[in-house]
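Read in order, the letters of the sequence shown are residues -20 to -1, 1 to 185 in mature numbering (1 follows the signal peptide of the UniProt record, and there is no 0). Structure first, then comments.
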Amino acid sequence: MRRIFVLVILALFGAVPAAAQTGADVSVRPGDQIRLAVWRQPDFSGDFPVAPDGTIQHPLLSEVRVAGATRAQIREQILRTLQRYEREPQFVFDFLYRVGVSGEVRLPNLYTLTPETTIVQALAAAGGASDNARLDQAVLLRDGRETIIDLLRPTPEVAAMKVQSGDILRLPRRTQRLRETVSFGSSIIAALGSVAGAILLLQQN
């Protein structure tokens, strides 16, 4: 029965690879969430915010300090806490990062996303780009540093880029000058096409 529980929970958690669950990777920050599922303990199961002091906002888990800790350290803390109530607790957990998506998107907001979510999927969670967005000039603000990324023609590296805690993705608006330039360029191309057609007719005659 426990095996079935674990398999079901892993499916609900998106089947996160074991390496991602236990590695000494980037952890959560205040404002993120911890998603916890404990076998036969519904009071311990759910999505719980990370408090400003770095602990889990839950009356029975408030001693678990998760901000800045690795997955292995968090797992050990949760295990010790749960062992007060059950000798061999069975549980799984995951991070939910707080990520902002703003600018020329259909549903600008703060989203809670798993670490396996890509930047492209974060944009999709916000309803996708508006008609006025410059996808080729998307701005990713991460740890105080801005990076321009091309989401119109993403490289394999950009397409595979995962979200991190505190990321802000912003799509700038196409300027009127850019629209006029595109329109002017289209007019030039159309005019050149007409001239080329006229020359071809003259040559045939």
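All C-beta atoms in this analysis are idealised placements derived from N, C-alpha and C, irrespective of residue type, glycine included.
Whole-Å CB distance - Arg45 paired with Gln57, under 8 Å assumed | Their Cβ separation, rounded to whole angstroms, is 7 Å, which keeps Arg45 and Gln57 in contact under 8 Å.
Could you check the C-alpha separation between Arg150 and Phe28 for me, to the nearest Å?
-> Cα atoms of Arg150 and Phe28: separation of roughly 27 Å, rounded to the nearest angstrom.
Would Gly124 be called buried (16 or more neighbouring beta carbons within 10 Å of its own) or exposed?
-> Counting the other Cβ atoms within 10 Å of the Cβ of Gly124 gives fewer than 16, which makes it exposed.
Leu59 burial status per 10 Å Cβ neighbour count (16 or more: buried) = Sixteen is the threshold: since fewer than 16 other Cβ atoms of the shown chains lie within 10 Å of the Cβ of Leu59, the residue is exposed.
Rounded to a whole number of angstroms, what is the C-alpha to C-alpha distance between Arg64 and Ala118?
-> Between the C-alpha atoms of Arg64 and Ala118 there is a straight-line separation of about 48 Å.
Reference Val143, options Asp33, Tyr77 and Thr135, closest by Cα | Val143 has its Cα closest to that of Tyr77, out of Asp33, Tyr77 and Thr135.
Indicate whether Asn112 and Arg153 have their beta-carbon atoms separated by less than 7 Å.
-> In contact: Asn112 and Arg153 (Cβ atoms closer than 7 Å).
Mind reading off the beta-carbon distance from Ala75 to Ala17? Whole number of angstroms is fine, and I expect it under 8 Å.
-> It is worth fixing the name first, because residue 75 is Phe in this sequence and not Ala. That pair is no contact at about 14 Å.
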